[in-house]
Amino acid sequence: MPVVLVLLLAGTWLLSGALVTGTDPLTVAVGRTAVCCLVLTAVAASSASGRADLRRVAARPGSVWLLGLLGFAGYAAGTLLSIARVGTSLANLVVALLPCASVAVGALFFGERAGPRGTAGAVLACAAGVGYAALGVDADDLDLVGLLPVAAATIAFAVYGFLYRQRLPGLPPLVVLPVLLAAATCLLLPMSLPALIAHPPTWTAVGGIVLLGGVVYAPAYLVQHRLILLRGPVFTAAVQLAVPFTVRLGDWALRTAPAPSAPELLLLAVCCAGIALVTLRPARTTEPEPDPSER
Numbered sequence: 011m012p013v014v015l016v017l018l019l020a021g022t023w024l025l026s027g028a029l030v031t032g033t034d035p036l037t038v039a040v041g042r043t044a045v046c047c048l049v050l051t052a053v054a055a056s057s058a059s060g061r062a063d064l065r066r067v068a069a070r071p072g073s074v075w076l077l078g079l080l081g082f083a084g085y086a087a088g089t090l091l092s093i094a095r096v097g098t099s100l101a102n103l104v105v106a107l108l109p110c111a112s113v114a115v116g117a118l119f120f121g122e123r124a125g126p127r128g129t130a131g132a133v134l135a136c137a138a139g140v141g142y143a144a145l146g147v148d149a150d151d152l153d154l155v156g157l158l159p160v161a162a163a164t165i166a167f168a169v170y171g172f173l174y175r176q177r178l179p180g181l182p183p184l185v186v187l188p189v190l191l192a193a194a195t196c197l198l199l200p201m202s203l204p205a206l207i208a209h210p211p212t213w214t215a216v217g218g219i220v221l222l223g224g225v226v227y228a229p230a231y232l233v234q235h236r237l238i239l240l241r242g243p244v245f246t247a248a249v250q251l252a253v254p255f256t257v258r259l260g261d262w263a264l265r266t267a268p269a270p271s272a273p274e275l276l277l278l279a280v281c282c283a284g285i286a287l288v289t290l291r292p293a294r295t296t297e298p299e300p301d302p303s304e305r
C-alpha cells in the first residue's frame, strides 16, 4: 500500500506540473477537487449502505468543514500561494518537514509519541527531503513572508491527520472523502473564480483536470486516508517524502530531465533509510517454549 501511494502521488505531481504550465493553479486545484468529489460520491452512493454512511458523515458539519479546510482547501491554497511567490523548490522545502511537524503535533496536542526510532527516522527523512529541495533553491529568492502560507499549510495538514483519525475513525474513507471534498470545493471556489472568469481553461486542460481528479487523485486519497487510519499520520507523512524523488526519477525516465546527480541519489538513499526507520516494524523476538520434560 505505501508503494501504491507513492506512485499515485508521483503521478499527481507529474500531471499537475503539466497542467499548471498553461492553466491557473487555483483552477486546477478546484477542478481536481470537484472531479474527485463527484467520482467518489458516485461510487459511495451506488449502495444503500454507502448512502447511509454519507448521511452520517454529513450530519457532522463541524468536523466536515474543519477537516475540509485543514486537509484540502487550506493545504491547496497555502502551497499554491507560496509556489506563486517563492517557487516550487522553496515551497517543497517546507512541505518536506511534514513528518517532523506530525511528530511534534502528535506529541504536543494529541498525546501520541512516535518513539525514538520513529522520531529519528522522521528527522532523517526530513533532512534528506530538505536537502533535496535545497538543491534547486536560489538564496536570492528567499522570502520569509512568502513561505508563511506553505508553512501554515504544512502544519494544518499535520493537524488534519490526527483530527481525521480521531473524529471519523469508524467510517471508511470512501464515504468520508466525498463529503470533505465537497466542503473543500465550496471553500476553494471563491478563491478560484477570478482566474476562472479571466482565463477559462481550454478543453484540453479540462480533460487533463478530469483525468487528474478522477483517475489519479481519487485512488491516491483513498490509499492515503486508509494508511492514516491503519498506521497513523507520521507513518503516512514519512512515506510521502519518497514522492519528490520518485517524480525526479519519472522525469528522467520520460526524458524530460537529465539523469539524477550523485548528491540526488545520495539524498534519495538517506531519505529511504529514514522512511524505513518509521515504516518498518522491528521483528519481535519471542521466548522459546519450555520443554515439558524439564518441568
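First residue of the sequence shown: 11, per the working numbering; consecutive thereafter.
Using N, Cα and C, we set each Cβ at its ideal position, and we do this for glycine too.
All figures in this text were calculated on a predicted structure; none of them were measured in a lab.
What is the rounded straight-line gap between the Cα of residue i and the Cα of residue j?
i	j	result
G218	I238	28 Å
L264	R70	45 Å
L277	G21	21 Å
S56	L108	35 Å
L272	G27	The question names Leu, but residue 272 is Ala in the sequence shown. Cα-Cα distance, rounded: 25 Å.
L154	W262	32 Å
E304	R127	Unreliable placement is indicated for E304, whose pLDDT of 47 sits below 50; no coordinate value is reported for it.
Can you confirm whether residue i, when its beta carbon is compared against all beta carbons of chain B, has any partner nearer than 8 Å?
i	result
G156	As a matter of chain content, chain B is missing from the structure shown, which is built from one protein chain.
Quick one: measure Cβ to Cβ for residue i and residue j, integer angstroms, because I've assumed they're closer than 8 Å.
i	j	result
L187	A144	So it is not a contact: roughly 33 Å between Cβ atoms.
A132	A124	6 Å
T43	P211	Going by Cβ atoms, the distance from T43 to P211 rounds to 14 Å, so no, they are not a contact pair.
A135	C281	5 Å
R258	P270	6 Å
P12	V249	4 Å
A163	Y85	5 Å
G180	L24	The pair is not a contact, with the Cβ atoms about 35 Å apart (cut-off 8 Å).
Checking 8 Å against the spacing of the C-beta atoms, do residue i and residue j come in under that value?
i	j	result
T256	V14	no
L157	L90	no
A230	L50	no
V67	L178	yes
V253	L19	yes
A343	P182	Residue coverage of the chain in this structure runs from 11 to 305, which leaves residue 343 outside it and unanswerable.
L198	A39	yes
A215	G72	no
T129	V113	yes
Ordered along the chain, which non-local residues of its own chain (more than five positions away) have a Cβ less than 7 Å from that of residue i?
i	result
A193	V74, W75, G78
F245	L237, V288, T289
L48	none
A106	C136, G139, V140, A143, L251
Quick one: what's got a C-beta closer than 8 Å to residue i's C-beta in the same chain, skipping five residues either side?
i	result
A54	G60, R61, D63, L64, L184, V185, P188
I285	G131, A135, A248, V249, L251, A252
Apart from the five residues on each side of it in sequence, which residues of its chain come closer than 6 Å, Cβ to Cβ, to residue i?
i	result
A161	V104
A279	none
P159	G88, L91, S92
G223	R42, V45, C46
A117	R123
T266	none
Is residue i near the ligand ADP, judged by its Cβ being under 7 Å from some heavy atom?
i	result
P268	Questions concerning the ligand ADP fall outside what the structure shown contains, since it holds no ligand whatsoever.
Indicate whether the contact test is met: 3 or more Cβ pairs, each with one atom in the segment 202-209 and one in the segment 58-66, closer than 8 Å. no
Does the segment 80-97 come within contact of the segment 164-183, defined as at least 3 CB pairs closer than 8 Å? yes
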